[in-house]
Amino acid sequence: MKVFFIGGKGGVGKSTTASAFAVLCAREGKKTLLVSTDPAHNTGDLFQVKKVRGKTKIAPNLDLVEIDSDQEAITYMAQVKQNIKGLVKVTMVEEVYRQLDLAGKSPGAAEAAVFDKMTSILLEDSQEYDRIIFDTAPTGHTLRLLLLPEFMGVWMDGLLEKRKKVQDNYSQLLYDGETREDPIYEVLQARRQKFSKVRELIINKEKTTYMMVLNPERLPILETASAVKTLKEHGISVSRLIVNKVIPEDVEGTFMRNRKEAERPYLIEIDQMFNETEKIYVPMFDHDISTREGLEEYSRYLESEKLQNV
């Protein structure tokens, strides 16, 4: 099983690239799961699927999941409530649940829920598929999602240490130092191990590949450079760039020729700025990529040795 994260600035063609790559993998005989983490889901639309409910089969060897952040947040909080059930006094349950409901609406709750779902997919569905491809949200959201295992791991270590001290003091005071089971500590420990496994997977270059999509324009180049730098600082390396919507050489008309001339310096900049990163160039099409046939056409530009060997 190999995992692919496909990211980039909004509007550069992430969903199209991820979907076309999934089509390519499925066509090559790889059992593939395409996962959309973008709140503004349009992956299903590319396959003409009106409603994606859970894991949906959209082609031979190809399943699709669109993670609903709002629904996942509700499910996530329901699980938290279940975990603490019986661990607090009956008189406090209502107030604790109220606080959890407020926490579920706070900034970051949806991201935590999406991360929890992503974690489940990586750890539980990995035995079922040869390829898991994540069509991610725009860059900033994706960076936070990918760095969560590292940050949450550090945070959980602090919680575990504090909980252990409290439990040790509690045992010393009430049970003459005799060790007693602490269900809360066990839940925290289980989650910490989960974060650790995901962190190990996403930094494993043998199992996980990161690809960024960009257009030969100033803002996508700058945002991609910043994202590559940030990920590298946290042990994650972007191994491939998909340079999308490159204007063909044989364009006609003054307008398009001028656009092509304006594009040339950016292509040179991409080549120089990312000189150590493999690049695949996909041309601008003269039609919209919005059907399965369009994705098949797009996927042919990904059928290079650079991608077939991953």
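Counting in this note's numbering, the sequence shown runs from 63 upward without gaps.
We treat Cβ as the ideally placed atom computed from N, Cα and C, and that holds for glycine.
Fair warning: this is a prediction, and the values are worked out from it, not measured in the lab.
Is it buried or exposed, residue 14, if we count other Cβ atoms within 10 angstroms and call 16 or more buried?
Here the chain has residues from 63 to 372 only, and residue 14 is not among them.
Tell me which residue opens and which closes the alpha helix (DSSP H) that residue 335 is part of.
316 to 335 is the span of the alpha helix (DSSP H), which, as asked, contains residue 335.
Figure out for me which residue from 79, 295 and 303 has the closest Cα to the Cα of residue 283.
Considering only alpha carbons, the answer is 303.
Tell whether a beta-carbon distance below 8 angstroms holds between residue 180 and residue 162.
Not closer than 8 angstroms, so no.
Helix or strand or just coil, what does DSSP make of residue 343?
DSSP places residue 343 in strand when its eight states are reduced to three.
For residue 339 and residue 154, what's the separation of their Cα atoms in angstroms?
Whole-angstrom Cα-Cα distance: 55 angstroms.
Would you grab the beta carbon distance between residue 96 and residue 105 for me? Rounded to a whole angstrom, and I think it's under 8 angstroms.
Contact holds; Cβ gap of about 7 angstroms.
Grouping DSSP H, G and I as helix and E and B as strand, with all else coil, what is residue 115?
Residue 115: coil per DSSP, three-state reduction.
How many whole angstroms separate the CB atoms of residue 274 and residue 286, which I take to be in contact at a CB cut-off of 8 angstroms?
The Cβ separation is near 5 angstroms, so the contact holds.
Can you tell me where the beta strand (DSSP E) holding residue 272 begins and where it ends?
Counting along the chain, the beta strand (DSSP E) containing residue 272 begins and ends at 270 to 276.
For the region 73 to 91 against the region 291 to 301, are there 3 or more C-beta pairs whose distance is under 8 angstroms?
The region 73 to 91, when compared against the region 291 to 301, does not touch it at the 8 angstroms Cβ threshold.
Quick one: Cα of residue 316 to Cα of residue 267, how far?
If you take the alpha carbons of residue 316 and residue 267, they lie about 45 angstroms apart.
Between which residues of its own chain and residue 109 is the CB-CB distance below 8 angstroms, once the five residues before and five after are set aside?
So the list reads 81, 120, 121, 126, 354 and 357, once near-sequence residues are dropped.
Start and end of the alpha helix (DSSP H) containing residue 179?
Counting along the chain, the alpha helix (DSSP H) containing residue 179 begins and ends at 171 to 186.
Quick check: what's the CA-CA separation for residue 359 versus residue 131?
Going from the Cα of residue 359 to the Cα of residue 131 covers about 31 angstroms.
Between which two residues does the alpha helix (DSSP H) carrying residue 106 extend?
Residue 106 -> alpha helix (DSSP H) spans 105 to 108.
Note the first and the last residue of the continuous beta strand (DSSP E) segment covering residue 166.
Segment 152 to 166 is the alpha helix (DSSP H) holding residue 166; no beta strand (DSSP E) there.
In this structure, does DSSP put residue 267 in helix, strand or coil?
In this structure, residue 267 counts as coil in the three-state DSSP scheme.
Excluding five sequence neighbours on each side, which residues of the same chain lie with their C-beta closer than 6 angstroms to the C-beta of residue 92?
For residue 92, where only same-chain residues beyond five positions count, the Cβ hits under 6 angstroms are 192 and 193.
My output table needs one value for residue 295: the three-state DSSP class, helix, strand or coil.
DSSP places residue 295 in helix when its eight states are reduced to three.
Taking just the CA atoms, how far does residue 319 sit from residue 74?
Each residue's alpha carbon lies about 21 angstroms from the other.
DSSP state of residue 306, grouped into three classes?
Looking at residue 306 - three-state DSSP - the assignment turns out to be strand.
Alpha carbons only, please: which of 124, 101, 225 and 157 is nearest the one belonging to residue 177?
Considering only alpha carbons, the answer is 101.
For residue 321, which residues from the same chain have a beta carbon less than 7 angstroms from its beta carbon, with the 5 sequence-adjacent residues on both sides left out?
Only 309 meet the Cβ criterion.
Going by DSSP, what residue range makes up the alpha helix (DSSP H) through residue 361?
Residue 361 -> alpha helix (DSSP H) spans 354 to 361.
Distance check for residue 362 and residue 329, CA to CA, integer angstroms please.
Cα to Cα, residue 329 sits roughly 21 angstroms from residue 362.
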